[in-house]
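Written out below as structure tokens is the structure these notes cover.
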Amino acid sequence: AKQGYKLKEGKAVGGEEGKLYVYLSGGEEFFKHAEEKLKGAELEEFKRCESELEGKIIKQIHEEDSSAEQGMGAIFG
2 AKQGYKLKEG KAVGGEEGKL YVYLSGGEEF FKHAEEKLKG AELEEFKRCE SELEGKIIKQ
62 IHEEDSSAEQ GMGAIFG
């Protein structure tokens with residue numbers, strides 16, 4: 002499974018302005034490691050966002066990834 006993260010600015014994804022939203026993708030071990038790292042960081046706040054906003058952000062990320070893949074396919078296809 003592909004693992005990684007993406008950062009999104011709150012205003013760009015319909016969230017709170019001035020906040021960053023982190024999207025994590027990967028296996029269970031990756032999540033545990035990432036959560037430990039984020040909790041150790043000096044952040045004002047670190048919590049999972051509301052499920053409605055979470056779904057909206059994930060959908061937007063998947064659409065962006067799909068568009069990027071289609072663009073690469075058009076270039077190299």
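Using the working numbering, read the sequence shown as starting at 2 and increasing by one per residue.
Glycine included, each C-beta is placed from N, C-alpha and C at the ideal position.
Sorting GLN4, LYS20, GLY11 by C-alpha distance to the C-alpha of GLU30 places GLN4 at the top. LEU25 sits away from GLU10, with the two beta carbons spaced by 8 Å or more. In this structure, the alpha-carbon of SER68 lies about 17 Å from that of LYS57.
Annotation for VAL23: TYR6, LEU8 place their beta carbon closer than 7 Å to its own, counting only its chain and skipping 5 residues before and after. The C-alpha of ARG49 lies about 8 Å from the C-alpha of GLU55.
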